[in-house]
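Accompanying notes for the structure given below.
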Amino acid sequence: GATIGILGGGQLGRMLSVAAARLGFRTHIFEPGANPPAGHVADAVTTAPYEDEAALLAFAASVDVITYEFENIPTQALDTLEAHRPIRPNRQALAVSQDRLVEKAFLSDLGLLTAPFAAVDDEVDLAEAIEEIGTPAILKTRRFGYDGKGQSRLRAPEDAAAALADMAGAPAILEGFVEFSHEVSVIAARGIDGEVACFDPGENVHKDGILATTTVPAPLSAAQRTDAVLLAAKILNALKYVGVMGVELFVTPKGLIVNEIAPRVHNSGHWTQNGCAVDQFEQHIRAVAGWPLGDGKRHSDVVMENLIGDDVLRVPGIARESGAAIHLYGKAEAKPGRKMGHVNRVKG
Ligand code: ATP
Ligand code: MG
Ligand code: MG
Numbered sequence: 011g012a013t014i015g016i017l018g019g020g021q022l023g024r025m026l027s028v029a030a031a032r033l034g035f036r037t038h039i040f041e042p043g044a045n046p047p048a049g050h051v052a053d054a055v056t057t058a059p060y061e062d063e064a065a066l067l068a069f070a071a072s073v074d075v076i077t078y079e080f081e082n083i084p085t086q087a088l089d090t091l092e093a094h095r096p097i098r099p100n101r102q103a104l105a106v107s108q109d110r111l112v113e114k115a116f117l118s119d120l121g122l123l124t125a126p127f128a129a130v131d132d133e134v135d136l137a138e139a140i141e142e143i144g145t146p147a148i149l150k151t152r153r154f155g156y157d158g159k160g161q162s163r164l165r166a167p168e169d170a171a172a173a174l175a176d177m178a179g180a181p182a183i184l185e186g187f188v189e190f191s192h193e194v195s196v197i198a199a200r201g202i203d204g205e206v207a208c209f210d211p212g213e214n215v216h217k218d219g220i221l222a223t224t225t226v227p228a229p230l231s232a233a234q235r236t237d238a239v240l241l242a243a244k245i246l247n248a249l250k251y252v253g254v255m256g257v258e259l260f261v262t263p264k265g266l267i268v269n270e271i272a273p274r275v276h277n278s279g280h281w282t283q284n285g286c287a288v289d290q291f292e293q294h295i296r297a298v299a300g301w302p303l304g305d306g307k308r309h310s311d312v313v314m315e316n317l318i319g320d321d322v323l324r325v326p327g328i329a330r331e332s333g334a335a336i337h338l339y340g341k342a343e344a345k346p347g348r349k350m351g352h353v354n355r356v357k358g
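For what it's worth, the UniProt record's numbering labels the leading residue of the sequence shown as 11, then goes sequentially.
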């Protein structure tokens, strides 16, 4: 059987490994950190930094195709790997999603709506950006932000200096604050032959910048549902994408505004594990392995709840609930803000 190489050994890598194993593949995880959650379920693990050329070459030689569970992989490592094995999704998808400024420009060039944005490298840029965009606004680092980290809100122009200090010198982007009624995401997949399939959009609720729950079906009109799926397909086609992508959207009276894209399986797609015959993890493995996409039609309503930090202490009670499917990541220490697992509550 073929071996799938996965860059990153977190919970997404773990669930990708399980899905790959179910389809008869072997998996090999590359992860700099010790004792990764995916390490317990993968067939092989390489623990090495992304600067270790010899480890990267040995990893590439041991796999047939390379995919990833996070987007911040150093360019040099990707160059080394790509000389030997295909990387799916491709490099353009990574380049676009690694940098919020490049991402916003790409999306608006496609004719999609985004928050108004401007590049901010210093206080002069920020003053001009506030002049142009106004407040409230959010200053975000262009790279490496996740779970709301690397962001600072400006209620008024007076917050500029404090917000810029929060960026600690990193290149940033100012985004106008979008007055949305709610947030949804589309988990979309594109196969090697260009076939596109989208899971039903879910409604996402965040707490302290971290995803708390995803509910399907999301409250959307038929027209909004169509827009969501069409815009996701437009993004995947433009990138000649292969794999699963998470597309985060703001629902507004003016239409759907794209917040950000993630070139990988996505936390807001975890409900698919218990709401669909084929979940996002199997769909991603199918796509990168060159298989036909599977049937991702929603067969049940689901509420996915993330178990963050001490939430995991509620597991014994949740285990007594009917219709509750528990997914734990095997992490030893329940630090605040750390994603320990999730529960999918299936209705009917
Ligand atoms: P993730 O963990 O999803 O990768 P992230 O750190 O990349 O998160 P964003 O998705 O950019 O951060 O922002 C986190 C949340 O902050 C959004 O889901 C939304 O609730 C809010 N937010 C971000 N940008 C805006 C905006 N321009 N207008 C209004 N709210 C916003
Ligand atoms: Mg993000
Ligand atoms: Mg986000």
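Every residue gets a Cβ at the ideal spot worked out from N, C-alpha and C, and that includes glycine. In this text, all values refer to a predicted model and were calculated from it rather than measured experimentally.
Residues in the same chain with beta-carbon distance under 7 Å from residue i, minus the five sequence neighbours each way, listed in chain order, please.
{"i": "Leu-246", "result": "Ala-198, Arg-200, Val-206, Met-255"}
How about residue i and residue j: are their beta carbons less than 9 Å apart?
{"i": "Ala-272", "j": "Glu-258", "result": "yes"}
{"i": "Ala-18", "j": "Phe-80", "result": "Reading off the sequence shown, one finds Gly at residue 18, where the question assumed Ala. Contact: yes."}
{"i": "Val-275", "j": "Phe-291", "result": "yes"}
{"i": "Ala-129", "j": "Glu-142", "result": "no"}
{"i": "Leu-338", "j": "Leu-317", "result": "yes"}
{"i": "Gly-253", "j": "Thr-77", "result": "yes"}
{"i": "Ala-147", "j": "Leu-184", "result": "yes"}
{"i": "Met-164", "j": "Ile-140", "result": "Rather than Met, the amino acid found at residue 164 in this sequence is Leu. It is a contact, given that the beta carbons lie within the stated cut-off."}
{"i": "Ala-287", "j": "Gly-306", "result": "yes"}
{"i": "Val-226", "j": "Asp-311", "result": "yes"}
{"i": "Ile-39", "j": "Ala-54", "result": "yes"}
{"i": "Pro-181", "j": "Thr-151", "result": "yes"}
Can you list, in chain order, the residues of its chain whose CB lies under 6 Å from that of residue i, leaving out five sequence neighbours each side?
{"i": "Phe-190", "result": "Phe-260, Val-261, Thr-262"}
{"i": "Pro-42", "result": "Pro-59"}
{"i": "Thr-224", "result": "Gly-212, Asn-214, Ser-278, Trp-281, Met-314"}
{"i": "Ser-162", "result": "Leu-149, Ala-173, Asp-176"}
{"i": "Phe-116", "result": "Val-106"}
From which residue to which residue does the alpha helix (DSSP H) around residue i run?
{"i": "Lys-150", "result": "It is not in any alpha helix (DSSP H) - Lys-150 instead sits in the beta strand (DSSP E) that spans 147–151."}
{"i": "Asn-247", "result": "232–248"}
Between residue i and ligand 5, is there a pair consisting of the residue's CB and a ligand heavy atom that are separated by less than 8 Å?
{"i": "Asn-269", "result": "Summarising the ligand content, the structure contains ligand 1, ligand 2 and ligand 3 and does not contain ligand 5."}
Give the straight-line distance between the Cα atoms of residue i and residue j, rounded to the nearest whole angstrom.
{"i": "Glu-193", "j": "Leu-241", "result": "15 Å"}
{"i": "residue 386", "j": "Glu-270", "result": "Outside the shown range of the chain (11 to 358) lies residue 386, about which nothing can therefore be said."}
{"i": "Gly-34", "j": "Gly-11", "result": "7 Å"}
{"i": "Val-325", "j": "Ala-52", "result": "25 Å"}
{"i": "Asp-321", "j": "Ala-342", "result": "14 Å"}
{"i": "Pro-229", "j": "Asp-210", "result": "11 Å"}
{"i": "Leu-303", "j": "Gly-347", "result": "34 Å"}
Provide the residue span of the beta strand (DSSP E) that contains residue i, from first to last.
{"i": "His-294", "result": "Unbroken run through His-294 is the alpha helix (DSSP H), 290–298; no beta strand (DSSP E)."}
{"i": "Met-177", "result": "It is not in any beta strand (DSSP E) - Met-177 carries neither H nor E in the DSSP assignment."}
For a cutoff of 9 Å on Cβ pairs, would you count residue i as touching chain D?
{"i": "Arg-165", "result": "Absent here is chain D; the protein component of the structure consists of one chain."}
Grab me the residues of residue i's own chain with a C-beta within less than 8 Å of its C-beta, minus the 5 sequence neighbours each way, in chain order.
{"i": "Thr-90", "result": "Glu-63, Leu-66, Leu-67, Ala-70"}
{"i": "Gln-234", "result": "Val-261, Leu-266"}
{"i": "Tyr-251", "result": "Pro-99, Asn-100, Ala-103, Arg-200, Ile-245, Pro-273"}
{"i": "Gly-319", "result": "Ala-344, Lys-345, Pro-346, Gly-347, Arg-348, Met-350"}
{"i": "Arg-36", "result": "Gly-11, Ala-12, Thr-13, Ile-14, Ala-30, Asp-53, Ala-54"}
*Pairing CB atoms from the segment 145–161 with CB atoms from the segment 213–229, are three or more of them under 8 Å?*
yes
_Meets three-Cβ-pair contact criterion under 8 Å: the segment 113–123 and the segment 91–101_ = No, the segment 113–123 does not touch the segment 91–101.
*asked:* I'd like to know if the segment 11–28 and the segment 48–58 are in contact, where contact means that at least 3 CB-CB pairs between them fall below 8 Å.
replied: yes
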